[in-house]
Each structure stands twice: as structure tokens, then as C-alpha cells.
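>
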Amino acid sequence: MDDFLSLFFPDVWRQKQAPNVNDYCKFDSQILTTFTSSLYVAGLIASFVASTVTRKYGRKPSMLSGGLSFLAGSALNGFAMNVPMLIVGRILLGVGVGFANQVRVAGAGLGLVSSMGVVSLPKNPRKERKEKKRMHGCL
Numbered sequence: 000m001d002d003f004l005s006l007f008f009p010d011v012w013r014q015k016q017a018p019n020v021n022d023y024c025k026f027d028s029q030i031l032t033t034f035t036s037s038l039y040v041a042g043l044i045a046s047f048v049a050s051t052v053t054r055k056y057g058r059k060p061s062m063l064s065g066g067l068s069f070l071a072g073s074a075l076n077g078f079a080m081n082v083p084m085l086i087v088g089r090i091l092l093g094v095g096v097g098f099a100n101q102v103r104v105a106g107a108g109l110g111l112v113s114s115m116g117v118v119s120l121p122k123n124p125r126k127e128r129k130e131k132k133r134m135h136g137c138l
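In numbering that gives the first Met the number 0, the protein residues as written are 0 to 138.
1. Within 8 Å, do at least three Cβ pairs link the region 83-99 to the region 55-72?
2. May I ask which residues mark the beginning and end of the alpha helix (DSSP H) holding residue 19?
3. To the nearest angstrom, how far is it from the Cα of residue 80 to the Cα of residue 34?
4. Between the alpha carbons of residue 28 and residue 8, how many angstroms are there, rounded?
5. Specify, as a first and last residue, the run of the alpha helix (DSSP H) that residue 50 falls within.
6. Quick check: the region 34-51 against the region 77-93, are at least 3 beta-carbon pairs closer than 8 Å?
7. Tell me, to the nearest whole angstrom, how far the beta carbon of residue 94 is from that of residue 73; I am working on the premise that it is less than 8 Å.
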């Protein structure tokens, strides 16, 4: 992280290196905050756009556009030479997350509300497997 900070956020890196600086003040930078929050804000805004796209064109184009946006953002961040390139890359990543977030996963939300978050495991897995095999005529 030091290499990243020294390359893109040198002021923050110098504050981090200072010996008697409070941890809260080390990362006090508007540019670093913009870089960090750009993904989340773009994802929030893109999710509103993506809901319309998903409703109008279906899940496949929505997932494809989200994946392409995420790929473009990853490439841009990988080849970034300055902070504006990083921020644009993070915005594209956020758009990709916003679009991919619209697609429902098969089987999600099929459980009862009273059992949400509860994982039930068999008491004796070997016995359960034997009984299932016996029921299906495997034994």
C-alpha cells in the first residue's frame, strides 16, 4: 500500500510516515476520499439505471453490460497513470457492480422468513447418507 500511496497520493503517504500523527488524521485527504467513495456512489446511481435496463431488455444484456463495465474499469485501474484515471476506473467498477447487483440469483429468497440465516445440518451425516441411499434403492 505504501507504493500505491507514494505514487498516487504522496501527501497522504507523507502524513502516514510522520511519527506523531493520529491515525485518524493520516488518511485525511479529499482526493483519497473521492477515490474510495466513487465506486460506491457510481454503484448506487447505476443500480437505478440498471433496474430500468433489466426490466426493459432482460437480465442477459444487463449482466453483459455490467461485466463489460467492470472489465473496462479493471483495465483502466490497472494501467492508471494518475488519480483521475483511477477515479474513472473506480466509477466504471461501480457501474459494473450496480448492473450486476440487479440480477437475481436462482434460489435466492426461497426460504421462509423465520428460517433466514439459520443453517441446519444433519445430526449424523453418515446415517443420513445411508438412509438416502436406502430410499433410492442404492443399498
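For glycine and all other residues, C-beta sits at the position ideal for the given N, C-alpha and C.
The relevant details are as follows:
1. When C-beta atoms of the region 55-72 are compared with those of the region 83-99, three or more pairs fall below 8 Å, so the two segments count as touching.
2. Residue 19 -> no alpha helix (DSSP H), and no H or E assigned at all.
3. 14 Å
4. 9 Å
5. 29-56
6. yes
7. With 8 Å as the limit, residue 94 and residue 73 do not qualify as a contact, their Cβ atoms being about 12 Å apart.
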